[in-house]
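Q:
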Amino acid sequence: MKWNFDDIIDRNGQHSIKWDYAKELFGNEDVLPMWVADMDFANPPTVVDELKKLVEQQILGYSFPSDSLYKSIIDWQKERHNLHLKPQDVLFSPGVVPSIALIIQTFTKEQDAVLIHDPVYNPFEQLVTLNNRRAIRSPLLIEDNLFKMDFAAIEQQFKQEKVRLVILSNPHNPGGRVWTREELIQLATLCQKYQVVLCSDEIHGDLVYKSENFVSVAAIDEHYQDFVITLTAATKTFNLAGIKNSMIFVQNETLRNAIKHVQAKTEQNSINTFGYIATEAAFKTGGPWLEDLLAYLKINLETICTFFDTELPQVHYMRPQGTYLFWFDCSTLGIPDEQLIHHFAQVGKIGLNAGSTYGPKGTQYMRLNFAAPHATVIEGLNRIKIAFDHSNR
């Protein structure tokens, strides 16, 4: 590998949410944080170089997205995901989560029903509820140790609840499921039939392992453009969460104008200069870095699965097809759900995400972020084993 992902970078004292917030969140300053979804790897050097050039200009004034930025985004989506965009199809937003709030505000009104899966990335429900909409959870099934959508139940919920919007996590967070083309067609067909807007959060779309095939919903059928909105960013792919820039892809003019109108009212279309520069540099030059990253993450994943199979055979887990998130069942501990995060932090001295925050179906699960140097992953696994070996049973 050209890049050394084994380097351990000290992030303490950097105002890092992942590292400097650990004591307050977990109540233990000795906790190894393997929770929130950012990576402990250095950014691609070419991206850092472009940011240095920006700072060296000595004036950080107002800026606007360049033609070359649009081209980098369009080329990346075409080459990687077969999604064909025009510059006018691309809107900018400070982040995917703010974009979800924007979509909720644009296409629903108070007390409208918004369908999300269970379990799923927790801001989905939070934003629906905070905007006084009704969150309708559609429980995911587990078949062959993978999450599957229950399409019969989804159609019933569309009918009974008069659902106006679906927010999809594609690939799925926290389960790491990469939805198939056939599954996405089934969901999109239901949305089309019941005139439901489908918002697809595809921020993990580049973090998919070679044995799998990520499909962007909007790329499947041109008719989907009338009701599908795609959210994505370079931030998850290239570990750039702090630059605060994401994209909304919307190919239907009516939908696009509706979004732009709400953006104008709320000033959600103002992006900082670093976001523009880093996004363009990442998409133009980051491909080789990403390929090596995925190979490294795959090694970490294989290590984790082997460790659980040999050291913790009683623990069921879900092998992710994409993302760097590992979802495992802690029910063998015999510990009440509300105590799990504390048990891992105090006994194992490791900070994880509690599965229950992702919905009722996440009860008794934990989420592990393995985007870290291999030595850190090994240390984290040993701490997890200590937590299982010292249960309260």
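Here the sequence shown is numbered in UniProt numbering, starting from 1 and rising by one per residue. For each residue, glycine too, the CB sits at the ideal point set by N, CA and C.
(1) Just the Cα atoms here: how many angstroms apart are residue 9 and residue 42?
(2) Could you check what DSSP says for residue 13 in three-state terms: helix, strand or coil?
(3) Using a beta-carbon distance below 8 Å, is residue 307 in contact with chain D?
(4) My assumption, with CB atoms under 8 Å, is that residue 207 sits in contact with residue 162. Please give the rounded CB distance.
(5) The alpha helix (DSSP H) spanning residue 254 covers which residue range?
(6) Which residues in the same chain as residue 65 place their Cβ atom closer than 7 Å to its Cβ, once the five residues preceding and following it in sequence are excluded?
(7) So, is residue 200 buried or exposed, given that buried needs 16 or more other C-beta atoms within 10 angstroms?
(8) Roughly how many whole angstroms lie between the Cα atoms of residue 13 and residue 22?
(9) Where DSSP assigns a beta bridge to residue 167, which residues make up the other side?
(10) When you compare the CB positions of residue 133 and residue 112, do they come within less than 8 Å of one another, or not?
(11) Give a yes or no on contact between the region 243-258 and the region 83-92, applying the rule of three or more CB pairs nearer than 8 Å.
(12) On the three-state DSSP scale, how would you describe residue 90?
(13) Alpha carbon to alpha carbon, how far is residue 273 from residue 147?
(14) Could you give the distance in angstroms between the alpha-carbon of residue 341 and the alpha-carbon of residue 375?
(15) Would you kindly report the start and end of the unbroken beta strand (DSSP E) that includes residue 35?
(16) Relative to the C-alpha of residue 31, which candidate in 325, 246, 352 has its C-alpha closest?
(17) Excluding the 5 residues flanking residue 106 on each side, which residues of the same chain have their C-beta closer than 7 Å to its C-beta?
(18) With three or more beta-carbon pairs closer than 8 Å as the criterion, would you say the region 351-369 touches the region 110-129?
(19) Decide if residue 176 is buried, meaning its Cβ has at least 16 other Cβ atoms within 10 Å, or exposed.
(20) Let me confirm a value: residue 238 is counted as buried when at least 16 other C-beta atoms fall within 10 Å, else exposed. Which label applies?
(21) Find the nearest neighbour of residue 125 within the set 100, 145, 109, 51, judged by alpha-carbon distance.
(22) What first and last residue would you give for the beta strand (DSSP E) that runs through residue 365?
(23) Is residue 34 a contact residue of the ligand FMN, with contact defined as CB to any heavy atom under 7 Å?
(24) Cα-Cα, which of 182, 192, 17 is closest to residue 215?
(25) Can you say whether residue 152 is buried or exposed, counting buried as having 16 or more other CB atoms within 10 angstroms of its CB?
(26) Report the CB separation of residue 165 from residue 108 in whole angstroms; it is logged as a contact under 8 Å.
(27) When DSSP labels each residue in this structure, what does residue 348 get in the three-state scheme?
(28) Would residue 319 and residue 350 be called neighbours here (beta carbons separated by less than 8 Å)?
(29) For residue 19, which residues of its own chain have a beta-carbon under 6 Å away from its beta-carbon, when the five flanking residues on both sides are left out?
(30) Unbroken alpha helix (DSSP H) runs of length 4 or more, entirely within the region 54-100: which are they?
(31) Quick check on the DSSP output: the alpha helix (DSSP H) that includes residue 327 runs from which residue to which?
(32) Output the distance between the C-alpha atoms of residue 336 and residue 139, rounded to the nearest integer angstrom.
(33) Have a look at residue 94 and residue 104 and give me their C-alpha separation to the nearest angstrom.
(34) Taking the alpha carbon of residue 389 as the reference point, which residue from 323, 311, 378 has its own alpha carbon closest?
(35) Please name the residue in 7, 74, 17 whose C-alpha comes closest to that of residue 282.
(36) Given residue 47, which residues of its chain have a CB within under 6 Å of its CB, disregarding the five upstream and five downstream residues?
A: Working from what's here:
(1) 8 Å
(2) coil
(3) Considering every chain present, this structure includes no chain D. It has just one protein chain.
(4) The Cβ separation is near 35 Å, so there is no contact.
(5) 253-266
(6) Cβ within range, chain order: 92, 276.
(7) buried
(8) Each residue's alpha carbon lies about 12 Å from the other.
(9) Paired residues: 199.
(10) Taking 8 Å as the Cβ cut-off, residue 133 and residue 112 qualify as a contacting pair.
(11) Touching, yes, given that three or more Cβ pairs across the two stretches are closer than 8 Å.
(12) It is a strand residue.
(13) 39 Å
(14) 23 Å
(15) Element bounds for residue 35: n/a, residue is neither H nor E.
(16) 352
(17) 258, 259, 262
(18) yes
(19) buried
(20) buried
(21) 100
(22) 365-369
(23) The ligand FMN is not among the ligands present in this structure, which contains no ligands whatsoever.
(24) 182
(25) Counting the other CB atoms within 10 Å of its CB gives residue 152 a total below 16, which places it among the exposed residues.
(26) 5 Å
(27) Correct three-state label for residue 348: helix.
(28) It is not a contact, given that the beta carbons lie outside the stated cut-off.
(29) 11, 12, 33
(30) 67-81
(31) Residue 327: not part of any alpha helix (DSSP H); member of the beta strand (DSSP E) spanning 325-329, first to last residue.
(32) 22 Å
(33) 16 Å
(34) 311
(35) 74
(36) 278, 281, 282
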